[in-house]
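What follows is a single structure, written as structure tokens, with notes after it.
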Ligand code: NAD
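Residue numbers (the numbering used here): 1095 to 1570.
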């Protein structure tokens, strides 16, 4: 694969490439250009040239291109899903789901494009006022490898519909699906230069996007530490910023919860995408009175998850995506084990057997009796490991849930209206679910509080995140 600058598929000016390997087998999937700062500068130039024509089009015209692309993406969802599984590792069913999710997002932005572009007001003593909303210009998107298609959709859907042009940097270990999606957008009529995709390392390509004075906004999704660096790099040029960062979502299971539904909520909430989701269930607090039954039923379900190559039929969980992420999870579990922080009742290790030898596989893991101050609760565990603690009641559960530097998502499982009212009010998170966890429709705003981020994506106001306002006061 090559990278996309000004509608052309190019090598990096450095001439270097990097390998994209299948995380289940270690096999080479493809190579991608090892981009440099100079490639970002060319992309900025192309995006600048494309801006005047693109921003002058009506929002509906712009978003029609996204709609045509969405149709084609849906038509090719099986092939695109297979590519995503091969580079990212998730089971093919989840990958096709994600590809369809990308199409949903583009369709949502098409619908949003019909919304208001400004306001008209009459203000006594001032005359008539209009508030115009205009695109910012060239925007940068820096994305991770865990949900590359969805996160690409969130960023380009809003930015392009609002009239901006964009430079997208995918992650090193999952750039190929993003490039294919960009190709489909080009075939659907996206003019050259409106979306440029530069592949390569965060330290050069990512940093140049954050620093380049021509880029007016950076929308970043990734780890807290990287987000902080992006903010520092973007500060001299006073750029607009959206930072979607890490999370350590709590899930509270009350004594009146539907246990079967809550068990399924954990299975999906923690083990989907091998636990590599920002809003995965990362801390479980169960009421003491139901803990024994809940953990017994959960353990049986966890032990039934088939781990393997995401392309194989019946596989419920694939490998982790990359060595660094795999090593981090192994270290977190080893640290908890060494410090005697809880009992491992399922998994806790890599699976045995030839089929797992070349991949980043880790068994779905449950750890009970985890002390409230364990590393498993304080750090984000980005893999298939669930620390569980019991709590006497709601007060303790809410206090523990909020005792985190993160504030991305949280869920409460109960049938009580009083508990729902209190928990949805008190939980410190950008999104709170009741009797569900994980899924995020494009219709609601998504963003974190505390260290989980700044700004939000999606929702009815999403386009405004990529626009600036101009007030005009007229006295006749
Ligand atoms: P990461 O921060 O390592 O990398 C994210 C992207 O930033 C990659 O494209 C990387 O190449 C690039 N990058 C690295 N260093 C950079 C720098 N100095 N300047 C600019 N760009 C740089 O994150 P990751 O490991 O790819 O993703 C996992 C993290 O992302 C987890 O913490 C997860 O919770 C978070 N995440 C958050 C959301 C959300 O919406 N809040 C969604 C998905 C993932």
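Glycine included, every Cβ here is placed at the ideal spot set by N, Cα and C. Note that this is a predicted model, so its numbers are computed, not measured.
Mark residue i as exposed unless 16 or more other C-beta atoms lie within 10 angstroms of its C-beta, in which case mark it buried.
| i | result |
| --- | --- |
| residue 1434 | exposed |
| residue 1210 | exposed |
| residue 1180 | buried |
| residue 1366 | buried |
| residue 1487 | exposed |
| residue 1267 | buried |
| residue 1432 | exposed |
| residue 1261 | buried |
| residue 1302 | buried |
| residue 1133 | buried |
| residue 1609 | Only positions 1095 to 1570 of the chain appear in the structure, and residue 1609 is not among them; the question remains open. |
| residue 1241 | buried |
| residue 1550 | buried |
| residue 1237 | buried |
| residue 1404 | buried |
| residue 1481 | buried |
| residue 1217 | exposed |
| residue 1146 | exposed |
| residue 1386 | exposed |
| residue 1087 | With the chain covering only 1095 through 1570, there is no way to say anything about residue 1087. |
| residue 1437 | exposed |
| residue 1566 | exposed |
| residue 1492 | buried |
| residue 1606 | As shown, the chain starts at 1095 and ends at 1570. That puts residue 1606 outside it, with no answer to give. |
Starting from residue i, follow its DSSP beta bridges and name the residues at the other end.
| i | result |
| --- | --- |
| residue 1343 | 1375 |
| residue 1290 | 1261 |
| residue 1397 | In DSSP, residue 1397 forms no bridge with anything. |
| residue 1182 | Answer is none; residue 1182 lacks a bridge partner. |
| residue 1334 | 1311 |
| residue 1503 | 1525 |
| residue 1571 | Within the shown structure, residues of the chain are numbered from 1095 to 1570, placing residue 1571 beyond reach of any answer. |
| residue 1481 | 1461 |
| residue 1103 | 1098 |
| residue 1122 | 1115 |
| residue 1356 | Per DSSP, none; premise fails for residue 1356. |
| residue 1234 | 1261, 1312 |
| residue 1543 | 1501 |
| residue 1564 | 1226 |
| residue 1551 | 1540 |
| residue 1127 | 1111 |
From the options, pick the residue whose C-alpha is nearest to that of residue i; which is it?
| i | options | result |
| --- | --- | --- |
| residue 1478 | 1484, 1485, 1470 | 1470 |
| residue 1423 | 1381, 1402, 1174, 1473 | 1473 |
| residue 1462 | 1443, 1293, 1439, 1446 | 1439 |
| residue 1167 | 1133, 1149, 1335, 1280 | 1280 |
| residue 1186 | 1377, 1420, 1335, 1402 | 1402 |
| residue 1345 | 1484, 1557, 1135 | 1484 |
| residue 1342 | 1126, 1378, 1112, 1400 | 1378 |
| residue 1258 | 1228, 1528, 1531 | 1228 |
| residue 1275 | 1131, 1200, 1256 | 1200 |
| residue 1443 | 1373, 1425, 1436 | 1425 |
| residue 1215 | 1338, 1475, 1226, 1138 | 1226 |
| residue 1205 | 1213, 1244, 1158, 1449 | 1158 |
| residue 1497 | 1329, 1466, 1360, 1458 | 1466 |
| residue 1328 | 1306, 1348, 1338 | 1306 |
| residue 1450 | 1143, 1120, 1566, 1142 | 1120 |
| residue 1455 | 1413, 1233, 1481 | 1413 |
| residue 1283 | 1491, 1164, 1304 | 1164 |
| residue 1505 | 1256, 1490, 1420, 1521 | 1521 |
| residue 1208 | 1399, 1555, 1290, 1563 | 1555 |
| residue 1189 | 1310, 1338, 1410, 1459 | 1410 |
| residue 1524 | 1390, 1338, 1564 | 1338 |
| residue 1420 | 1321, 1130, 1183 | 1183 |
| residue 1125 | 1310, 1428, 1110 | 1110 |
| residue 1571 | 1350, 1118, 1172, 1203 | A query on residue 1571 cannot be resolved here, the shown segment of the chain reaching from 1095 to 1570 and no further. |
| residue 1128 | 1535, 1108, 1441, 1560 | 1108 |
| residue 1192 | 1170, 1570, 1292, 1099 | 1170 |
For the ligand GDP, is there a heavy atom less than 7 Å away from the beta-carbon of residue i?
| i | result |
| --- | --- |
| residue 1306 | Annotation note on the ligand GDP: not contained in the displayed structure, which lists the ligand NAD as its ligands. |
Go through the region 1192-1221 residue by residue and report every complete run of the alpha helix (DSSP H) that reaches 4 residues or more, in order.
none
I'd like the ranges of any beta strand (DSSP E) spanning at least 3 consecutive residues and lying wholly in the region 1133-1171.
none
Quick check on the DSSP output: what are the complete beta strand (DSSP E) runs of length 3 or more inside the region 1265-1323, in order along the chain?
1289-1291, 1309-1315
Quick one: complete beta strand (DSSP E) runs, 3+ long, within the region 1375-1461?
1375-1381, 1437-1440
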